[in-house]
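All remarks here apply to the structure that follows.
Next comes the structure, spelled out in structure tokens:
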């Protein structure tokens with residue numbers, strides 16, 4: 035078994051290791067690097083780096099602190115997606131850094147995440163808060179009231195906090211740290227699946243890992259008139275080590291005429 039050190043303060047090993055262990059890897063966690071110094075979802079520390087850079091910093095620190103060849107960093111972000119402003123979109127990035135070769139592999143997963151925020155005022159009862167948030171099973175919450183921030187609150191903890199402190203104004207938001215967000219946990223697991231795919235995909239020429247589709251080619255023919263569309267026609271597999279390229283046709287053989295500029299201008 036090959037050891038990977040994961041830099042995290044938020045217990046992410048549980049959602050990553052099950053996908054890597056069948057390939058011969060096992061994870062150990064280190065919390066010695068303050069990953070919160072790179073940014074916090076609650077806003078106390080502003081995020082200034084792109085997710086890829088933050089994940090790489092964490093992965094390199096993991097190597098140093100764990101004294102291992104392989105280090106893993108994880109970074110989550112929110113926003114973007116196909117419907118910005120309408121759907122909450124979560125992207126999870128994993129960076130596996132190899133200290134010996136000074137190279138990194140990035141794995142990614144993204145998709146909608148079901149969550150909500152709530153503004154407190156005198157007109158909102160504790161019972162209405164319960165009804166609004168009870169559907170988010172397992173999710174913990176952050177309550178901001180004046181200059182105070184209360185984190186890691188279960189729904190019962192949250193309601194008790196509001197009642198006992200007689201809070202009539204504030205903001206309730208999901209605690210998006212991985213150990214407190216079931217939605218993120220699922221997305222991190224999907225990113226770990228992508229990483230497992232990359233670790234088990236070898237270049238046919240040099241046998242290096244991470245031989246996966248790195249870009250796409252558009253131009254899939256319309257199923258009605260055969261004109262080219264913007265739909266994906268092929269995936270281009272690329273080896274970062276030897277530079278080998280291979281174009282593989284997309285599974286879909288023809289495009290829906292809905293996406294055809296000739297049939298549906």
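Numbering (our numbering), first residue to last: 35 to 299. Glycine included, C-beta positions come from ideal geometry on N, C-alpha and C. All figures in this text were calculated on a predicted structure; none of them were measured in a lab.
Check, Outcome
"Do residue 58 and residue 35 have their C-beta atoms within less than 9 Å of each other?", "yes"
"According to the Cβ coordinates, are residue 129 and residue 106 closer than 9 Å?", "yes"
"Counting only the same chain and skipping the five closest in sequence on each side, list residues whose C-beta sits under 8 Å from that of residue 97.", "39, 103, 104, 105, 131, 133"
"Suppose the cutoff is 6 Å on Cβ atoms and the five residues either side in sequence are ignored; what does the same chain contact list for residue 125 look like?", "111, 144"
"Taking C-alpha atoms, which residue in 173, 227, 232 lies nearest to residue 207?", "173"
"Taking Cβ positions, are residue 185 and residue 71 nearer each other than 9 Å?", "no"
"Return the residue from the list 142, 137, 189, 138 that minimises the CA-CA distance to residue 151.", "189"
"Looking at the unbroken beta strand (DSSP E) that takes in residue 64, where does it start and where does it end?", "59 to 64"
"Secondary structure at residue 126, three-state DSSP: helix, strand or coil?", "strand"
"Can you check whether the CB of residue 252 is closer than 9 Å to the CB of residue 266?", "yes"
"Could you give the distance in angstroms between the alpha-carbon of residue 85 and the alpha-carbon of residue 299?", "38 Å"
"Would you kindly work out how many angstroms separate the C-alpha atoms of residue 4 and residue 159, rounded to a whole number?", "Here the chain comprises residues numbered 35 to 299, so residue 4 is not present and cannot be evaluated."
"Would you mind listing the beta strand (DSSP E) stretches within the segment 154 to 181 that are 3+ residues and don't spill past its ends, in chain order?", "175 to 179"
"Grab the span of the beta strand (DSSP E) containing residue 272 for me, first residue to last.", "266 to 272"
"For residue 43 and residue 139, what's the separation of their Cα atoms in angstroms?", "22 Å"
"Return yes when the Cβ of residue 50 is within less than 9 Å of the Cβ of residue 108, no when it is not.", "yes"
"For residue 248, which of helix, strand or coil comes out of DSSP?", "strand"
"With residue 273 and residue 242 assumed to form a contact (beta carbons below 8 Å), what rounded beta-carbon distance in angstroms separates them?", "6 Å"
"My output table needs one value for residue 36: the three-state DSSP class, helix, strand or coil.", "strand"
"My output table needs one value for residue 132: the three-state DSSP class, helix, strand or coil.", "strand"
"Taking just the CA atoms, how far does residue 167 sit from residue 175?", "10 Å"
"Check the DSSP bridge columns for residue 146 and list the partner residues they point to.", "123"
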